[in-house]
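Novice: Let me give you the structure first, and then I'll get to my questions.
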Amino acid sequence: MPKASAADIASLREGVLIPLLEQGVDVVIIAHSYGGVVAGGAAKDLDKPTRQAQGKTSGIVGLIYVAGNITLESEALLDAIGGAYPPFIKIDKPSKGLALIEPATDVLYNDVDRVLADELESQMQPHAYLAFETKATAPAWADKAFDERRVYVRTLDDTCNPLFVQDAWLEKTKVRWDVVDFKTGHMPFVTQPALLAGQIVKFVKGFLPV
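Under our numbering, the very last position in the sequence shown is 800; numbers go up by exactly one each time.
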């Protein structure tokens, strides 16, 4: 069985993060939903202190999760949500190996204007559910280098990742996160873009200089 989560992690790490770091720029990762699983693994050992010890000048200086899924080392996302798919994830739809969220408007866009929600739903792409069932690699957020450099944006009215699930993920990490609450559904960058951008800028400024 191919290791889908690990493949996503490697793609982000090798195809995006390392090329950016090799340009000598510091990076702050913003991860949403399943992106939290991928970003956590991809950033491992790319933090600035680790890279400086290797004689390099740049590194990842902060992690910002926006309703981001959190998995432990060797934990699949499916296990992180209790071992069973929620009813809104439709397996093998539109074809074998893929999954859709239905009804997307109720789950992902519950606080979005209906016209815009319908437009966004029409543009949705299916997701390979093997990515949910394969084990994630060790996450960067667990490392001491990210102490005071971990942010989690909780989405209080989220019907995709309910608040109690977000809280359970945060608790199991056993590390401290700076937590900001948004009274939004799963997509605060759609419903509260200016407010979210302001919070991100605030935290990024706090991460610098390193």
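Even for Gly, the Cβ is constructed at its ideal location relative to N, Cα and C.
Candidates Thr661, Ile650 and Gly658: which alpha carbon is nearest Gln613's?
Specialist: Ile650
Novice: In angstroms, rounded to a whole number, what distance separates the CA positions of Lys792 and Ile620?
Specialist: 13 Å
Novice: So, under 8 Å CB-CB, Leu607 and Ala633 are touching, yes? Tell me the CB distance rounded to an integer number of Å.
Specialist: 7 Å
Novice: Any idea what DSSP makes of Leu690, helix, strand or coil?
Specialist: strand
Novice: Roughly how many angstroms lie between the CA atoms of Ser664 and Ile671, to the nearest whole one?
Specialist: 14 Å
Novice: What do you get for Ile790, buried or exposed, if any count of 16 or more other CB atoms within 10 angstroms of its CB means buried?
Specialist: buried
Novice: Could you give the first and the last residue of the continuous beta strand (DSSP E) run that contains Phe779?
Specialist: First-last for Phe779: Pro778 to Thr781, but that is the alpha helix (DSSP H), not the beta strand (DSSP E).
Novice: Taking 7 Å as the CB-CB limit, is Tyr699 close to chain C?
Specialist: No chain C is present in this structure, which holds just one protein chain.
Novice: Among Val769, Lys638 and Ile681, which one has its Cα closest to the Cα of Pro716?
Specialist: Ile681
Novice: Compute the beta-carbon to beta-carbon distance between Val741 and Val770, rounded to the nearest angstrom, for a pair I have assumed lies under 8 Å.
Specialist: 7 Å
Novice: If you follow the alpha helix (DSSP H) that Ile608 is part of, which residue opens it and which one closes it?
Specialist: Ile608 to Glu612
Novice: Could you say which of Phe678, Arg641 and Tyr719 lies nearest to Leu668 if we only look at CA atoms?
Specialist: Tyr719
Novice: Would you give the residue range spanned by the beta strand (DSSP E) that Arg740 belongs to?
Specialist: Arg740 to Thr745
Novice: Between the alpha carbons of Leu798 and Ala597, how many angstroms are there, rounded?
Specialist: 31 Å
Novice: Can you check whether the CB of Ala594 is closer than 7 Å to the CB of Thr724?
Specialist: Taking the C-beta atoms as reference points, Ala594 is found nearer than 7 Å to Thr724.
Novice: Work out the CA separation of Gly687 and Asp768 for me, nearest whole Å.
Specialist: 36 Å
Novice: Cutting at 7 Å between CB atoms, please list the residues of its own chain near Met777, excluding the five before and the five after it.
Specialist: Leu698, Tyr699 and Val702
Novice: Determine the extent of the alpha helix (DSSP H) in which Ala621 is found, giving its start and end residues.
Specialist: Segment Val617 to His622 is the beta strand (DSSP E) holding Ala621; no alpha helix (DSSP H) there.
Novice: So Ala689 packs on Lys683, CB below 8 Å; how close in whole Å?
Specialist: 7 Å
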